[in-house]
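Working notes, structure below.
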Amino acid sequence: MSHTRDEVDALLPLPPATFHILMSLSDEDRHGYAIIQDVLVRTEGELRLSPGTLYRSIQRMLEQGLVVEARTRPAPALDDERRRYYSITAFGTAVARAEMRRLTQLVRLARARGLTPETT
Amino acid sequence: MMRFYRTLLRLYPASFRDEYGDELYAAFAARHSDVRGGAGQLTMFVAALADVIPNAVAEHLEILRYDLRYTWRALRRAPAFTVTAVLVVALGVGANTAAFSVADFALLRPLPFPHPNQLVKVWESVPGYGRYEFSPGNYRDLQAGATSFSALGVYVPTAMNLSGRGDPLRVESAAVTATMLPLLGVQPAFGRMFTVADTVAGQSVIVSNSLWRTYFGADESVIGAHVSLDGKSYTVIGVMPATFGFPTRTTALWTTVGFAAGDFDDRGNNYLKVVGRLKPGVTVERALSEANLIAAQAERRYPKDNEHVRASVNALSDEMSQRARLLLIALCGATLCILLLACANLASLLLARASSREREIAVRAALGAGRERLVRQVVTESLMLALLGGIAGVALAVVAVPALARLVPSTLPVNEQPSVDLRVLLFAAATIALTGLAFGIVPALRAGRADSMTALRDGARAGGGRKQRVRAALVSVEVMASLVLLVASGLLVRAMLRIESVDPGIETSDVLTARTALAWPKYAEPLVRERFYNTVLSDLRALPGVSGAAYASFLPIAMGGGIWPVIINGRNLDRNGADKASLRLITPQYFSTLRIPLLRGRDVAETDDAGHPYTAVVSQSFVTRYWPREDPIGKRFTIGLHERTIVGIAGDVRVRGLEIESEPQVYVPSQQVDSGSLVFYTPKDLVIRSSSSPATLIPELRRIVHEADPQQPLSDVRTMDDIVSTETAPRASQLRVLAILAIIALLLSGVGIHGLLSFTVSQRTQEIGVRMALGAETREIVGMIMRQGLTLALLGAVPGIALAYAAGRAMQALLAGVSPSDPVSLTIGLCLCVVATVVGCARPALRAARVDPISALRSD
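Chains A and B, in that order, give the protein sequences. In this text, residue positions in the first sequence follow the numbering used here: the first is 1, and each later residue adds one. In this text, residue positions in the second sequence follow the numbering used here: the first is 121, and each later residue adds one.
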């Protein structure tokens with residue numbers, strides 16, 4: 001399924017939580033708590049998504065077609081029966097890429113102005 | 121901790137909770153299992169709160185935003201529905217808020233004095249004849265004997281000529297005892313109250329705040345200033361606060377009332393209005409029985425003066441006249457009818473909308489919208505309608521309240537105007553909103569049920585029979601309510617017509633009236649007064665266009681009182697009985713100026729002075745009462761402290777106004793009174809018949825009065841026509857208000873009938889198509905729809921007539937003798953209802969007639 005540029009651009013810029021969730025789902029399907037943990041690990045403890053924020057984001061992302069509930073479950077040994085797994089859609093990937101492009105451009109513009117990240 | 125989190129989750133909207141509640145719980149539980157120790161628990165606790173509360177609020181707002189957007193689109197797609205619903209709500213809320221604001225102000229608002237429930241008025245009363253003011257003697261007995269009151273006070277309303285600064289001014293005033301103002305619990309803005317010494321000297325005056333501002337230029341140093349009242353010097357000792365108005369809103373100043381020893385002797389001289397403050401815990405009933413006991417003792421001691429005299433006690437706040445009270449209650453009843461109509465219409469509109477949206481709702485339910493979301497959507501829509509209508513209603517009330525405020529009598533001691541009452545507004549808005557919610561939610565709940573799938577399958581054929589019956593009942597209720605209002609207005613119109621057709625006994629056109637209240641003691645001598653009258657009257661009569669001018673004690677209609685007992689052949693007066701006449705002191709030409717016919721004999725004459733036999737002119741009704749079959753000329757009777765001989769018979773005048781039967785009238789020459797007696801009856805009202813306009817006459821009149829006495833103020837300049845229309849004005853305004861309400865009611869029920877039938881027709885399109893395909897004539901189809909409408913109207917009309925009769929009975933005092941079962945009013949009311957029904961039916965019936973059988977059967 002292809003998406004027009006407009007449909008993608010309409011969602012930009014993405015709320016940070018949404019972008020993190022898309023990143024988290026980009027390599028494998030995960031359930032909610034797994035997403036929280038993944039984001040926590042990848043941001044080195046900087047960002048802990050609260051359950052409420054997570055599921056409100058997921059609800060909206062489902063409506064927007066960025067994610068779907070996964071049809072295939074993981075291997076039975078790893079499966080947690082009670083939980084719903086989410087996977088990223090092609091549209092979700094396209095939106096994540098567009099957001100990445102937007103952020104990259106932003107960073108490039110900032111560099112061109114001689115701005116450097118503060119060194120600690 | 122987990123149970124706490126589970127509870128917190130309830131803050132989320134049900135739709136969100138159903139979908140993600142378990143997930144949320146699991147995620148939180150997973151994190152919770154990692155936590156150890158009290159500090160960790162606390163962190164979790166804070167984290168749970170910080171997570172759930174903002175997210176739940178955000179989720180609710182999101183749904184609200186979505187619902188509002190959806191509602192807005194839905195309402196814009198159905199503009200007719202939206203406009204009608206908003207108008208209906210606005211009328212209901214607006215009319216009710218306005219009417220109850222005014223009624224609450226006049227009927228329920230406590231008096232602006234501390235502990236207003238303790239304030240009562242005390243009267244002398246004679247069984248069957250109502251209330252009298254107290255005489256000084258009886259008041260002294262009450263004061264000495266009564267233990268129910270913490271204080272008793274007296275006031276005598278009067279009017280005085282104020283001069284000393286600028287133009288002389290005629291002001292309303294009250295003479296009070298030293299106890300009167302303090303017992304109300306009000307302090308002067310500055311200066312002091314009266315002392316007993318002030319009442320003995322009788323030279324102190326307290327002024328109202330508005331007089332202080334207008335006449336004294338808000339001069340702070342006014343205390344101690346001297347002014348002249350009726351030619352006598354007074355010292356200003358105090359200024360009352362702006363909110364104070366007693367006994368009326370327009371009282372401008374207060375002087376003292378004092379008693380000389382001789383004043384207590386005449387117990388028939390009733391002129392003291394008595395106000396008391398009950399001791400805490402004492403009831404009106406107890407005070408009444410005590411006052412009656414004292415009155416009974418006085419009767420034993422003074423059997424002649426006090427025969428049958430008892431007491432009457434009523435709350436000071438109950439002082440409003442029965443008619444004014446009835447009028448306000450009728451107004452409230454009428455607006456309640458409107459509220460009922462508005463609710464019925466809104467309910468009907470929403471039911472129709474629900475029926476036509478059954479499929480839409482079923483589709484949404486099929487697509488997974490939970491019942492909660494559907495109900496939320498309907499609630500949002502109902503509240504939005506209520507809000508829009510409410511805003512329009514408030515605007516309506518703001519406009520209407522000042523108009524209705526004119527129905528409040530100015531005699532209430534309340535120094536402010538009614539304003540829109542927030543509580544009433546909320547009440548009306550809440551009633552409407554509840555109606556909206558109830559009739560909006562029920563269909564939505566039903567739609568949320570599983571069997572709503574039938575709506576999808578059945579298409580438009582499923583009529584929703586029960587809903588239709590509810591709507592039909594609502595239409596009948598609407599017809600009933602509007603019939604009640606129509607008949608009530610009809611009765612009032614008839615009463616108005618009847619009153620307007622009453623002959624007042626005088627010719628009111630081309631008559632200018634004015635008052636020159638003569639100050640005492642300057643004018644205590646009849647001869648001094650006569651000089652003033654003659655100067656003014658002869659100068660007036662010399663003016664071009666003036667065909668007559670005269671002085672009299674009071675103007676007919678403007679003043680109904682001035683009643684004096686009649687004694688014939690020493691026959692004793694019966695205080696309970698009817699031996700009373702309306703007494704007027706007049707100058708010659710009074711009859712010709714007002715065109716009162718002189719049926720026999722002669723007018724009073726210049727020569728009827730104290731040196732000649734005392735004479736009187738009496739009315740036809742006076743003759744009918746005492747000498748029905750005899751020649752009355754030359755008969756003698758006693759009135760106004762003298763025996764007088766009848767010299768003329770005049771036509772009857774409606775002295776007490778057009779609505780009330782008046783006492784027989786007796787006119788005596790202004791010169792034939794004793795010096796200093798009959799003060800109350802001293803001629804002060806001037807009547808002038810002139811073909812020139814009041815605009816040219818009034819400056820001349822001012823000049824003439826000024827030349828006769830430069831100190832003499834001129835007041836109350838108005839035409840006799842104005843006096844008559846002032847008399848009928850309250851009735852005219854009450855009629856207008858009720859008529860407007862009746863028209864609104866008629867419109868509402870027309871809208872209701874129209875709405876129901878158009879909906880029925882659209883629901884029955886297929887059935888009508890089948891009938892037409894089977895050969896039904898257009899005429900039959902139209903007849904069928906009309907019959908349905910008329911049946912509903914009839915079902916409402918039957919109880920409507922019964923209720924209208926009951927309403928008419930309840931307001932009989934306003935009807936001037938028109939019977940509550942007046943067939944003309946009933947017939948016209950019924951006809952208007954039928955017309956509204958037919959008009960409401962017409963469009964749906966025509967639409968039914970134009971149904972094309974082919975497309976009707978093919979549709980869906």
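Glycine included, every Cβ here is placed at the ideal spot set by N, Cα and C.
Problem set entry | Assumed close pair B:P708, B:D699 - CB separation to whole angstroms, cut-off 8 angstroms | Counting from 1 along the second sequence, the entry for residue 708 of chain B is found at position 588. Counting from 1 along the second sequence, the entry for residue 699 of chain B is found at position 579. Between B:D699 and B:P708 the Cβ distance is about 28 angstroms, and since that is not below 8 angstroms, they are no contact.
Exercise. Would you say B:D138 reaches chain A, if we count a Cβ-Cβ gap shorter than 8 angstroms as a contact?
Worked result: Within the second sequence, residue 138 of chain B is the residue found at index 18, counting from 1. No - not a single Cβ of chain A is within 8 angstroms of the one on B:D138.
Exercise. Can you name the start and end residues of the alpha helix (DSSP H) that B:R809 belongs to?
Worked result: The count along the second sequence starts at 1 and reaches residue 809 of chain B at position 689. Element bounds for B:R809: not the alpha helix (DSSP H) but the beta strand (DSSP E), D805 to S810.
Problem set entry | Any chain B beta carbon closer than 8 angstroms to A:Y86 | One-based indexing of the first sequence puts residue 86 of chain A at position 86. So, not an interface residue.
Exercise. CB B:A407 to CB B:V613, shorter than 8 angstroms?
Worked result: Residue mapping note: residue 407 of chain B aligns to position 287 of the second sequence, counting from 1. Residue mapping note: residue 613 of chain B aligns to position 493 of the second sequence, counting from 1. Result no, Cβ atoms of B:A407 and B:V613 do not sit closer than 8 angstroms.
For this session: Determine which residues share a DSSP beta bridge with B:E419 and list them.
Result: Translated into positions along the second sequence, residue 419 of chain B becomes position 299. DSSP output for B:E419 lists no bridge partner at all.
Problem set entry | Spatial distance of B:I511 from B:R543 (CA atoms) | Counting from one through the second sequence, the residue named residue 511 of chain B turns up at place 391. Counting from one through the second sequence, the residue named residue 543 of chain B turns up at place 423. Rounded to the nearest angstrom, the two C-alpha atoms are 15 angstroms apart.
Exercise. How should B:K804 be labelled, buried or exposed, when 16 other C-beta atoms within 10 angstroms of its C-beta is the threshold for buried?
Worked result: Locating residue 804 of chain B in the second sequence gives position 684, counting from the first residue. Buried.
Exercise. Under the rule that 16 or more other beta-carbon atoms within 10 Å means buried, what is B:A669, buried or exposed?
Worked result: The count along the second sequence starts at 1 and reaches residue 669 of chain B at position 549. Looking at its Cβ environment, which holds 16 or more other Cβ atoms inside 10 Å, B:A669 is buried.
For this session: Note down, in chain order, all residues in the segment 33 to 62 of chain A with a beta-carbon under 8 angstroms from any beta-carbon belonging to chain B.
Result: Within the segment 33 to 62 of chain A, the qualifying residues are Y33, I36, S50, P51, G52, T53, L54, Y55, R56, I58 and Q59.
For this session: Give the residues of chain A in contact with B:F148, contact being defined as C-beta atoms less than 7 angstroms apart.
Result: Numbered from its first residue, the second sequence carries residue 148 of chain B at position 28. Correct list: P51.
Problem set entry | Exposed unless 16 or more other CB atoms sit within 10 angstroms - verdict on A:A110 | As a working note, residue 110 of chain A is residue 110 in the first sequence. A:A110 is exposed by the Cβ-count criterion.
Problem set entry | Nonlocal neighbours in the same chain, by C-beta distance under 8 angstroms from B:I343, ignoring five residues either side | Working through the second sequence from its first residue, we reach residue 343 of chain B at position 223. Taken in chain order, the residues that qualify are F310, G311, V356, I357, G358 and V359.
Problem set entry | B:K424 classed as buried or exposed, judged by whether at least 16 other C-beta atoms fall within 10 angstroms | Taking the first residue of the second sequence as 1, we reach residue 424 of chain B at position 304. Under this definition B:K424 is an exposed residue.
Exercise. Is any beta-carbon of chain B found at less than 8 angstroms from that of A:R97?
Worked result: Taking the first residue of the first sequence as 1, we reach residue 97 of chain A at position 97. No, because no Cβ of chain B sits closer than 8 angstroms to the Cβ of A:R97.
Exercise. At a CB-CB cut-off below 8 angstroms, which residues of chain B make contact with A:R83?
Worked result: Counting from one through the first sequence, the residue named residue 83 of chain A turns up at place 83. By Cβ distance, chain B contributes E143 and A146.
Exercise. CB A:R56 to CB B:N175, shorter than 8 angstroms?
Worked result: Here residue 56 of chain A refers to the residue found at position 56 of the first sequence. Here residue 175 of chain B refers to the residue found at position 55 of the second sequence. Cβ distance < 8 angstroms, so A:R56 and B:N175 count as in contact.
For this session: Can you give me the start and stop residues for the alpha helix (DSSP H) that B:A956 sits inside?
Result: As a first step, residue 956 of chain B is located in the second sequence; it is residue number 836 there, counting from the start. DSSP places B:A956 in the uninterrupted alpha helix (DSSP H) bounded by P943 to A969.
For this session: With B:S712 as the anchor, note down where its alpha helix (DSSP H) starts and where it stops.
Result: By one-based count along the second sequence, residue 712 of chain B stands at place 592. Note, B:S712: alpha helix (DSSP H), Y710 to L714.
Problem set entry | Helix, strand or coil at B:F366 [DSSP, three-state] | Residue numbering aside, residue 366 of chain B sits at position 246 when the second sequence is read from its first letter. Reduced to three states, the DSSP call for B:F366 is coil.
For this session: Decide if B:M504 is buried, meaning its Cβ has at least 16 other Cβ atoms within 10 Å, or exposed.
Result: Your numbering for residue 504 of chain B matches position 384 in the second sequence. Under this definition B:M504 is a buried residue.
Problem set entry | Contained beta strand (DSSP E) runs [length at least 3] in the segment 373 to 458 of chain B, N- to C-terminal order | 373 to 376, 393 to 398 and 430 to 435
For this session: Below 6 angstroms CB to CB, which residues in the same chain sit around B:V597 once its five sequence neighbours on both sides are set aside?
Result: Taking the second sequence and counting its residues from 1, the one referred to as residue 597 of chain B is at position 477. Around B:V597: A464.
Exercise. Does the beta-carbon of B:P664 have 16 or more other beta-carbons within 10 angstroms, so that it is buried, or is it exposed?
Worked result: The residue labelled residue 664 of chain B in the question sits at position 544 within the second sequence. Exposed, because fewer than 16 other Cβ atoms sit within 10 Å of the Cβ of B:P664.
Problem set entry | Interface residues of chain A facing B:V172 [CB-CB closer than 7 angstroms] | What you label residue 172 of chain B is simply residue 52 of the second sequence in a count that begins at 1. The answer, in chain order, is G52.
Problem set entry | CB contact check: B:E179 to chain A, cutoff 8 angstroms | Within the second sequence, residue 179 of chain B is the residue found at index 59, counting from 1. Interface residue, yes.
For this session: Look at the Cβ atom of B:L603, then the Cβ atom of B:G875, and state whether they are nearer than 8 angstroms.
Result: If you number the second sequence from 1, residue 603 of chain B lands on position 483. If you number the second sequence from 1, residue 875 of chain B lands on position 755. Result no, Cβ atoms of B:L603 and B:G875 do not sit closer than 8 angstroms.
Problem set entry | Pair within 8 angstroms by beta-carbon distance, A:T89 and A:L66 | Residue numbering aside, residue 89 of chain A sits at position 89 when the first sequence is read from its first letter. Residue numbering aside, residue 66 of chain A sits at position 66 when the first sequence is read from its first letter. Yes, these two residues count as a Cβ contact at 8 angstroms.
Exercise. How about B:V622 and B:M840: are their beta carbons less than 8 angstroms apart?
Worked result: For the purposes of this step, residue 622 of chain B is taken as residue 502 along the second sequence, with counting starting at 1. For the purposes of this step, residue 840 of chain B is taken as residue 720 along the second sequence, with counting starting at 1. Contact flag unset, no.
For this session: List the residues of chain A whose Cβ lies closer than 8 angstroms to the Cβ of B:A167, in chain order.
Result: Here residue 167 of chain B is taken as the residue at index 47 of the second sequence, counted from 1. The contacting residues are S50.
Problem set entry | Helix, strand or coil at B:T355 [DSSP, three-state] | Sequence index remark: in the second sequence, residue 355 of chain B carries index 235 (1-based). In this structure, B:T355 counts as strand in the three-state DSSP scheme.
Problem set entry | Chain-order list of residues whose beta-carbon lies under 7 angstroms from that of B:V276 (same chain, five-residue window excluded) | Position 156 of the second sequence, counted from the start, is the residue given in the question as residue 276 of chain B. Correct list, in chain order: A294, A295, V377, Y391, L392 and K393.
Exercise. Quick one: does the C-beta of B:P733 sit closer than 7 angstroms to a heavy atom of the ligand FMN?
Worked result: For the structure depicted, the ligand FMN is absent and the ligand set is empty, with no information on it obtainable.
Exercise. What does a CB cutoff of less than 7 angstroms around B:R397 pick up in its chain, not counting 5 residues either side in sequence?
Worked result: On the second sequence, position 277 is the one that residue 397 of chain B refers to. Cβ neighbours of B:R397 beyond the five flanking positions: Q238, L239, F269, S270, A271 and L303.
Exercise. Taking just the CA atoms, how far does B:T334 sit from B:Y252?
Worked result: Translated into positions along the second sequence, residue 252 of chain B becomes position 132. Translated into positions along the second sequence, residue 334 of chain B becomes position 214. Looking at the two C-alpha atoms, the distance is approximately 35 angstroms.
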